[in-house]
Amino acid sequence: MMIDTLCGLFRKIAVSRTSIITVARYSTQSSCLTCNTGSRQYETTQSIKFIPKTLNIDFGMPASGNLIKNIIQTPTIKIPPLQEPVKPLSIQYDFPIQEKSVDLPTNGIIIDKLAVNMLKLRRRKMKKHKRRKLQKKMKFIWEKLRIKREQKKEKMFQAELIAKVKEAQAFDAKEYVNERLTILNKTFEPRTFRGEILPPEMIKQLRAKKYERKEKLRNKPRLTL
């Protein structure tokens with residue numbers, strides 16, 4: 057209720073024509089306004105009058121043009137339009153890249169290599185000389201190692217041959233034939249019949265009935281001309 061009444065009162069506020077400009081710092085005491093020219097001074101007293109169903113606030117401010125001129129507004133800064141730069145701006149890095157390479161310090165005099173090709177040829181000849189010297193020194197040792205390696209391979213091959221000969225001597229043809237015949241003559245006993253797990257005796261009976269049915273269909277009497 058209080059909020060509705062306050063809103064109604066604010067709607068009924070009537071400000072007189074003389075009170076055009078409001079003062080930032082308002083006080084009920086007497087105020088003195090001076091213009092930049094200093095020619096006029098206005099001394100007024102604030103009066104608030106209450107009329108039935110209205111609220112008239114009169115600050116006693118004269119509606120002269122001098123006061124309006126003294127109002128200071130925020131100056132507008134002209135923003136220049138955006139334009140492309142004429143020259144490309146160089147990118148500035150925090151730490152510039154060093155183009156020069158840093159080498160380790162030398163111990164004094166730097167000796168340049170002379171006749172590099174001759175050094176390469178000499179190195180090649182020295183490698184060849186060392187290889188021949190090593191071959192001459194290790195000739196008989198390497199030959200012994202090669203002979204031992206070949207003898208080991210020969211012994212392994214002979215052991216495989218002896219094992220195969222013993223296996224052939226121990227082979228009995230009659231026993232082998234009997235084993236194969238027992239495997240062929242062995243009857244297969246299925247554990248299921250038409251996808252169902254059944255005892256072996258019942259499976260035998262069902263298989264016998266099925267076989268008899270097939271035999272009847274096969275031996276069916278037929279008319280012959």
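Numbering (my numbering), first residue to last: 57 to 281.
Think of the CB as a built atom: it goes at the ideal place given N, C-alpha and C, for glycine as much as any other residue.
These numbers come from a predicted model, not from an experiment.
Item	Value
Contact check, I239 vs R247, beta carbons under 8 Å	no
Cα-Cα separation, Q148 to P136	26 Å
Residue range of the alpha helix (DSSP H) that includes E210	K195 to Q225
Unbroken alpha helix (DSSP H) run spanning Q261, endpoints	P256 to R274
For E235, the first and last residue of its enclosing alpha helix (DSSP H)	A229 to N241
Straight-line Cα distance separating K184 from K192	12 Å
R263 to A229 span [Cα, whole Å]	37 Å
Reduced DSSP category for F66 - H, G, I as helix; E, B as strand; rest coil	helix
Distance CB(E268)-CB(P256) smaller than 8 Å	no
Rounded straight-line distance, which links the Cα of T280 to that of Q261	35 Å
Nearest-angstrom Cα separation, counted from S157 out to Q139	42 Å
Sequence-distant residues of its chain with Cβ nearer than 6 Å to R180 (five each side left out)	none
Complete alpha helix (DSSP H) runs within the region 163-194 (minimum length 4 residues, chain order)	172-193
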